[in-house]
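First the structure, in the form of structure tokens, and then the observations on it.
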Amino acid sequence: MPREPAAHLPTPITWNPAPDHHCAAPMPVLPSGPGISWVTLPDGTRTLAYTHPTPTMAAPAAAPPAAVPAWAKTTALLAPTIGGGIGAAGIGISYAAPGVLAMAEALWALIALIAAGTLAPLLLRTGRAAGRGTAPVQHITQNITASGVFGRASGTLNNR
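So the sequence shown is numbered by the numbering used here: it starts at 317 and just counts up by one.
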């Protein structure tokens, strides 16, 4: 025997207890949840049953996510590498700091030595000149000549 599809009855059934009832009225069983409603079977019996919900419009399919650009992938891969390099450099500098400070002090000492070597002759020359007045500066020249590979060298000394 073919069955008819279950029909949904939109009108709810109300329950009215008898007025002479002295105890609490039992609660009627009402449909609860989606897809549960009162249906009438082919033999006329009304009962609660699961029904097929009415088809709703499907949500439009979401567009596929855009591909991640190559520059973003490269940046994401390089970020930990660069951060690790900066961290390693910081650790290296912290280990090298005492040596760097010592080298800086040595560099200042070298600068002071060069300055003293450059300024010492000027200071000595002005100090000697002040002690003896305005004496002329003497120039000594020497000329040396030699003939041949094993020849004897001879020279002249000029005092002016």
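Heads up, the beta-carbon is just placed ideally off N, CA and C, and yes, glycines get one too.
Residue i at chain B interface by Cβ criterion, 7 Å
{"i": "Ala382", "result": "Absent here is chain B; the protein component of the structure consists of one chain."}
Boundaries (first-last residue) of the beta strand (DSSP E) holding residue i
{"i": "Ser470", "result": "Ala469 to Asn475"}
Reference residue i, options the options, closest by Cα
{"i": "Gly349", "options": "Thr361, Ala377, Thr367 and Ala422", "result": "Thr367"}
{"i": "Asn475", "options": "Ser463, Val465 and Ile456", "result": "Ile456"}
Bridge-paired residues (DSSP) for residue i
{"i": "Gln458", "result": "Leu473"}
{"i": "Ser463", "result": "DSSP lists no partner for Ser463."}
DSSP three-state assignment for residue i, whether helix, strand or coil
{"i": "Met317", "result": "For Met317, the pLDDT reaches just 46, beneath the cut-off of 50, and the residue's location in the model is therefore unreliable, leaving the point undetermined."}
Ranges of the beta strand (DSSP E) found wholly within the region 355-433, counting only runs of at least 3: Qualifying beta strand (DSSP E) stretches, in chain order: 362-366.
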